[in-house]
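So the structure is just underneath, and the comments pick up after that.
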Amino acid sequence: MATHKIILDTDPGIDDAMAIFFAMQSPDIEILGLTTVYGNVPVSMSAQNALRLCDIAKQSIPVTQGVGMPWVGPESTYAHFVHGDNGFGDIPVAAPLGQLDPRSSAQFIVDTVKANPGEVTLVAVGPLGNLALALRLCPELPSLVKQVYIMGGAAFVKGNVTPLAEANIWNDAHAADIVFGASWPLTMFGLDVTYDIPFAPDFVDILAQKNPILGGFVRDSAQFYMDFYSQGLPERVCYFHDAFPLAYLLKPDLFTFTRGHARIGTGELDRGQTAIAPVGSTMSPLWLEAPTVNVATRVDHAQLTQLFIDTYAL
Ligand code: RIB
Ligand code: CA
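When we follow my numbering, the leftmost residue of the sequence shown carries the number 20, and every step to the right adds one.
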């Protein structure tokens, strides 16, 4: 299989950590950089947490700190209620050993894509401010990237922050509007697939058994996260949203897509809505004039789960 060169834009975060370790484990993914953004936690914590994950995995990968505020509006209140005060479920984590790359995340994205024209897949699993800023720094960026995959949005299902909006898009709706409106090939892995079927309570135990260091960290840090997701449910559940676009890189046949015109809500009520009109489903110029994107609508969960386990076991 060809090696996929990616930049992983992330707000670690527990499911981000699981996704980052998954990518690090795969021999078919080359991570050119971890570009961090605010979202689950403040951007300074995202950046330091990305450095910590590189230490745990003994990987030398450039890490940058990116935007810490939404394109429009006040500072986020973050998602410590989901990811803990330290972003890793409040398990003890050592201070990072590495140093940040001095560039901003947006500048790193532009520099790296320009140095590898047509070869880099941008995988964004947090709010989209770094990608929006990169587009402003380098208007020709869409012609230079290979693909753009995002974990975010809710096309034909309810949101997880409001009835209409998923967290990554809601956190920076104007940046998302810029990113979805650019002329690059964008594929959206939203709650339609990432929230479709929970991972069983023993999934993290299996990861830990297969890979005591990386899987063990995911199991330990995910306990707080599983408490949040399991509230009021008869058994513990877990959702690893951010690994889905990376799984697609390795096994695209696991996923089913629809193609549609995408519009992003930026008003008070529709903030963060990913309003997708499947091609041919509307005559509205408001959608017809919007770029079309690929939207993941189904995934083979059994094979996806096995892919995660097999990759952690490598
Ligand atoms: O809605 C889920 C997304 O928001 C995931 O990326 C999670 O890490 C949070 O950033
Ligand atoms: Ca994330």
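Backbone N, C-alpha and C fix where the C-beta goes; we use that ideal spot for every residue, glycine too.
_By the three-class DSSP mapping on this structure, what secondary structure does arginine 155 have?_
helix
*Less than 8 angstroms between the CB atoms is what I'm expecting for glycine 148 and glycine 172, so what's the real figure, rounded?*
In fact, because the Cβ distance is near 16 angstroms, the residues do not count as touching under 8 angstroms.
*What residue range is occupied by the uninterrupted beta strand (DSSP E) comprising glutamine 166?*
That run of the beta strand (DSSP E) goes 166–170.
_For proline 146 and threonine 293, I'd like the C-alpha separation in whole angstroms._
13 angstroms
*For glycine 117 and leucine 70, believed in contact at Cβ under 8 angstroms, the rounded distance*: So it is a contact: roughly 5 angstroms between Cβ atoms.
*Between which two residues does the beta strand (DSSP E) carrying lysine 24 extend?*
23–29 is the extent of the beta strand (DSSP E) around lysine 24.
*Apart from the five residues just before and just after proline 115, which ones in its own chain have a Cβ nearer than 7 angstroms to its Cβ?*
Gln67, Leu70, Arg71, Asp74
_Host alpha helix (DSSP H) of alanine 42 (start-end)_ = 33–44
*Under 8 angstroms by Cβ, that's how I've got glutamine 84 and threonine 55 pegged, so tell me the actual separation to the nearest angstrom.*
Rounded to whole angstroms, the Cβ separation of glutamine 84 and threonine 55 is 6 angstroms, and the two are in contact under 8 angstroms.
*With 16 other CB atoms within 10 Å as the buried threshold, where does glutamate 287 fall?*
Counting the other Cβ atoms within 10 Å of the Cβ of glutamate 287 gives fewer than 16, which makes it exposed.
*asked:* For phenylalanine 274, tell me which candidate among Asp215, Ala184, Arg255, Asp329 has the shortest Cα-Cα distance.
replied: Asp215
_Does the beta-carbon of glycine 145, which I'm using as the reference point, lie nearer than 7 angstroms to any heavy atom of ligand 1?_
yes
*Grouping DSSP H, G and I as helix and E and B as strand, with all else coil, what is threonine 311?*
strand
*Would a check of beta-carbon distances place isoleucine 39 closer than 8 angstroms to chain D?*
Here there is only one protein chain, and chain D is not present.
*First through last residue of the alpha helix (DSSP H) which encompasses leucine 163*: Leucine 163 -> alpha helix (DSSP H) spans 160–163.
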